[in-house]
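One structure is given below, encoded as structure tokens.
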Amino acid sequence: MRSIRSRNARLRQAARDAVGRTGYMLDGAGAMLLLCDRAGMVLDATGDARVRARGEENHLHPGGRWDHGAIGTNAIGTALHLGKPVSIAGVEHFCEEIQRWSCAAAPVRDPITGRILGAVDISAPSDETLRQGAALSVSLAMQIEEALRRLGLQEHRILVDRLLSRRGRSGEEMLLLDRYGNRIWTSENFSRAEERLGLGQRVLEDLAGQADHDNDGDPRALVGLMRAALPDAEVDLISERGEPLGVILSFVAARPRAVAQTDLAAISATGPALAAICAEAAELVRAGVSLLIEGPAGSGKETLARALHGAGPLAQLPLEVVDCSLLDADGLRGGPGGTTGAVGDILARLAETGGTLVLDEPAETPAAVQALLAQALAHLRRAAGAPVQFISLSSVALAERLAAGALRADLHFRLSGAILRLPALAERRGDLGQLTRRFSTVYSDRRKGSALRFTPGAMLRLQTHDWPGNLRELRNLIEALSATSFSRLIDVKDLPQALAQGQRPGREDTLRDRERAEILNAVAECGGKMTEVARRLGISRSTLYLKLEQYGVPRGRRG
């Protein structure tokens, strides 16, 4: 009986409140309530104690089985057999011994699958008046189904939370399934992974159907089938307090090492400053030194971190990204000696498998949990059974936060074994041409079109823009232009207004600024032809070239 109740724990949990309330209402009312599983086995009985004692004489008690096929016509078995509410009174029962009972039963269905999970029955001696028994049984079944629906939503939220706690692994595509094998969430490119492996939604549905046929929503059978059928996939069972809730299926897109190195090489190729930074960073990562990458927002810190991981010695191990601004004490606890927490789970996995831990904006770690984070990182370094690379990303100087008392010293020095600074895009004006070509090629490849080209005037607008959003702003601009340009040739008029207008007059508060803006406007309007620019400005070409050099403006073409 214990095993049967365990298999039906979810049904009993959903029915607990409704059964408890109704049992209290029926006490002394000459009737009892029975909750049964899908086979007609009585799981729980409540209600009038006198009636329950009498019912035990006819097996109307926990452990009694009321299968329609074995016992014949009875409310419980017939309701389960027909899949609809049934009332059976007195002599309508097949067995003579139970003809002294009047019963009304209604099936309970899983609100997600529609499958019958069991039945709820109201029974009373036939010489008692069973008022509204049929309506009560139907009402109870509906209450239990609503509780099952709420329980399912709660389970889905738990599954999504557990999934989000493990996001950030490099190249990983994931599928989240509930206990029945229904899809709850898929990563953006999971369908491509399915195609690459020759799978399809039908294959996974068939596996889910096989697993759930006789397992009442227990995903452990599904895990076994998937691991056997999908040897290239990682299949994880998700449980909460020992109760299996669902499955995470993941494929790691094994990116060839040469491609990862090319990614780092592509960053290096954008300019001499980045080439030097990438070379130094790669050496530090190979040596396992904790790395702090500082730079303004949008300067490419996370892109560089991922490229370093992909080109480094831990490329085949997981990469995990943690947003430090969202940390709390509960989330940090986890692994040996702690309760389960989202970030704690990440640290526990890295301690087991090794890999790269990227801490995003450690300066934003709440003061109350900085000590706990420092302890967790120290524990990870000591307890890890495989190498772990630490990379921190900060848009502010951590040393300044330390000096201001906003950051703990032990946390600062754990993160900053070596410090590299990425320059703002405004400091890399000489790299804009290469960066523009790189982003244009990326987005043209995605859309299977040709790369963008820029007129000299348009390039000058890009060269002189402040780029407060840094690389992110430039990338967004190129992506938008790639999506909207038919000619693939970008002129000044094709640029957003803020770029097309150049510097705003309100910011040109010196004669030097105004002269520089006037020269830039003339260069743009003349298409970079220096002879025409000099003629329009009323100066010689040699004077124009001197001023261009003085103001740091690249020359257009001669003529």
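Convert by adding 2 to the 1-based position in the sequence shown; the result is the number in our numbering. All residues carry an ideal CB built from backbone N, CA and C; glycine is no exception. Just so you know, these numbers come straight off a predicted model, no measurement behind them.
Inset, instruction - Could you check the C-alpha separation between residue 372 and residue 410 for me, to the nearest Å? - result: On the sequence shown, position 370 is the one that residue 372 refers to. On the sequence shown, position 408 is the one that residue 410 refers to. Using only the alpha carbons, I get a separation of about 7 Å.
Inset, instruction - Please confirm if the stretch 393 to 412 is in contact with the stretch 431 to 442, defined as three or more CB-CB distances below 8 Å between the two stretches. - result: no
Legend entry - Member of 368, 377, 316 whose CA lies at the smallest distance from the CA of residue 346: Counting from 1 along the sequence shown, the entry for residue 346 is found at position 344. Residue 377 is the option with its Cα nearest to residue 346.
Inset, instruction - Could you check what DSSP says for residue 565 in three-state terms: helix, strand or coil? - result: Any property of residue 565 remains undetermined from this structure, which presents the chain solely from 3 to 561.
Legend entry - Unbroken alpha helix (DSSP H) run spanning residue 278, endpoints: On the sequence shown, position 276 is the one that residue 278 refers to. Its alpha helix (DSSP H) spans residues 274 to 288.
Inset, instruction - Could you spell out the range, first to last residue, of the beta strand (DSSP E) harbouring residue 429? - result: Within the sequence shown, the letter at position 427 stands for residue 429. Run containing residue 429: none; DSSP gives neither H nor E here.
Inset, instruction - Give the secondary structure of residue 318 by DSSP, where H, G and I count as helix, E and B as strand, and everything else as coil. - result: Your numbering for residue 318 matches position 316 in the sequence shown. DSSP places residue 318 in coil when its eight states are reduced to three.
Inset, instruction - Inspect the beta-carbon positions of residue 136 and residue 33 and report whether they are closer than 8 Å. - result: Translated into the one-based positions of the sequence shown, residue 136 becomes position 134. Translated into the one-based positions of the sequence shown, residue 33 becomes position 31. Contact: no.
Legend entry - Spatially closest choice to residue 69 from 112, 348, 120, by CA coordinates: Here residue 69 corresponds to residue number 67 of the sequence shown, with the count starting at 1. Nearest of 112, 348, 120 to residue 69, Cα basis: 120.
Inset, instruction - Could you name the residues of the same chain whose beta carbon sits closer than 7 Å to that of residue 7, not counting the 5 residues immediately before and after it, in chain order? - result: The residue labelled residue 7 in the question sits at position 5 within the sequence shown. Excluding positions up to five away in sequence, the list reads 14, 45.
Legend entry - Three-way DSSP call (helix, strand, coil) for residue 105 in this model: Against the sequence shown, residue 105 aligns to sequence position 103. In this structure, residue 105 counts as strand in the three-state DSSP scheme.
Legend entry - Within 8 Å, strictly: CB atoms of residue 248 and residue 177: Locating residue 248 in the sequence shown gives position 246, where the first residue counts as 1. Locating residue 177 in the sequence shown gives position 175, where the first residue counts as 1. Contact: no.
Legend entry - Sequence-distant residues of its chain with Cβ nearer than 6 Å to residue 469 (five each side left out): The residue labelled residue 469 in the question sits at position 467 within the sequence shown. Correct list, in chain order: 427, 428, 475.
Inset, instruction - Would you identify the three-state DSSP class for residue 38, choosing helix, strand or coil? - result: In the sequence shown, the residue the question calls residue 38 occupies position 36. Strand at residue 38.
Legend entry - Closer than 7 Å: residue 62 CB and nearest the ligand SAM heavy atom: The ligand SAM is not part of the structure shown, which contains no ligands of any sort.
Inset, instruction - Compute the distance between the beta-carbons of residue 82 and residue 116, then report whether it is under 8 Å. - result: Along the sequence shown, one-based indexing puts residue 82 at 80. Along the sequence shown, one-based indexing puts residue 116 at 114. No, the pair does not count as a contact, with Cβ atoms beyond the cut-off.
Inset, instruction - Could you have a look at residue 220 and say whether DSSP puts it in helix, strand or coil? - result: Along the sequence shown, read from residue 1 onward, the residue named residue 220 stands at position 218. It is coil, neither helix nor strand.
Inset, instruction - Check whether the stretch 43 to 63 touches the stretch 144 to 162, taking contact to mean three or more Cβ pairs, one atom from each stretch, closer than 8 Å. - result: no
Legend entry - Validate contact between the stretch 23 to 31 and the stretch 47 to 65 using beta carbons, cut 8 Å, 3 pairs: yes
Inset, instruction - Note down the Cα distance separating residue 534 from residue 494, rounded to an integer number of angstroms. - result: Against the sequence shown, residue 534 aligns to sequence position 532. Against the sequence shown, residue 494 aligns to sequence position 492. Looking at the two C-alpha atoms, the distance is approximately 18 Å.
Legend entry - Spatially closest choice to residue 282 from 251, 298, 314, by CA coordinates: Here residue 282 refers to the residue found at position 280 when the sequence shown is read from its first residue. For residue 282, the nearest C-alpha among the options comes from 314.
Legend entry - Contacting residues, own chain, Cβ-Cβ under 6 Å from residue 501 (five flanking each side not counted): Residue numbering aside, residue 501 sits at position 499 when the sequence shown is read from its first letter. Answer for residue 501: 463, 467, listed in chain order.
Legend entry - Distance between residue 232 and residue 134 (C-alpha atoms, nearest Å): Locating residue 134 in the sequence shown gives position 132, where the first residue counts as 1. Locating residue 232 in the sequence shown gives position 230, where the first residue counts as 1. Looking at the two C-alpha atoms, the distance is approximately 53 Å.
Legend entry - Run of the beta strand (DSSP E) containing residue 52, from where it starts to where it stops: Counting from one through the sequence shown, the residue named residue 52 turns up at place 50. Per DSSP, residue 52 belongs to no beta strand (DSSP E); it is in the alpha helix (DSSP H), 51 to 57.
Legend entry - Residue from 387, 250, 253 with nearest C-alpha to residue 353: Translated into positions along the sequence shown, residue 353 becomes position 351. Selected option, being the one with the closest Cα: 387.
Legend entry - Close-in-space but distant-in-sequence residues of the same chain around residue 430 (CB under 7 Å, 5 per side omitted): Numbered from 1 along the sequence shown, position 428 holds the residue referred to as residue 430. Excluding positions up to five away in sequence, the list reads 273, 275.
Inset, instruction - Compute the distance between the beta-carbons of residue 455 and residue 480, then report whether it is under 8 Å. - result: Position 453 of the sequence shown, counted from the start, is the residue given in the question as residue 455. Position 478 of the sequence shown, counted from the start, is the residue given in the question as residue 480. No.
Inset, instruction - Buried or exposed for residue 532, please, with buried defined as at least 16 other CB atoms from any protein chain shown within 10 angstroms of its CB. - result: Walking along the sequence shown from the start, residue 532 turns up at place 530. Classification for residue 532: buried.
Inset, instruction - Please determine, among 385, 224, 295, the residue with the shortest C-alpha to C-alpha distance to residue 421. - result: Reading the sequence shown from its first residue, position 419 is the one you call residue 421. Residue 295 is the option with its Cα nearest to residue 421.
Inset, instruction - Would you grab the beta carbon distance between residue 390 and residue 356 for me? Rounded to a whole angstrom, and I think it's under 8 Å. - result: Translated into the one-based positions of the sequence shown, residue 390 becomes position 388. Translated into the one-based positions of the sequence shown, residue 356 becomes position 354. Yes, they are in contact, since the Cβ atoms of residue 390 and residue 356 sit about 6 Å apart, within 8 Å.
Legend entry - C-alpha distance - residue 89 paired with residue 164, whole-angstrom precision: Numbered from 1 along the sequence shown, position 87 holds the residue referred to as residue 89. Numbered from 1 along the sequence shown, position 162 holds the residue referred to as residue 164. Those two C-alpha atoms are separated by around 45 Å.
Legend entry - Contact set for residue 299: own chain, Cβ-Cβ below 6 Å, skip 5 residues either direction: Position 297 of the sequence shown, counted from the start, is the residue given in the question as residue 299. Excluding residues within five positions, the ones whose Cβ falls inside 6 Å are 397.
Inset, instruction - Counting only runs of 3+ residues fully inside the stretch 338 to 394, write out the beta strand (DSSP E) ranges in chain order. - result: 357 to 362
Legend entry - Residue of 11, 238, 140, 237 minimising C-alpha distance to residue 153: Here residue 153 is taken as the residue at index 151 of the sequence shown, counted from 1. When each option's Cα is compared against that of residue 153, the closest is 11.
Inset, instruction - List the DSSP bridge partners of residue 412. - result: Along the sequence shown, read from residue 1 onward, the residue named residue 412 stands at position 410. Residue 412 pairs with nothing; no bridge assigned.
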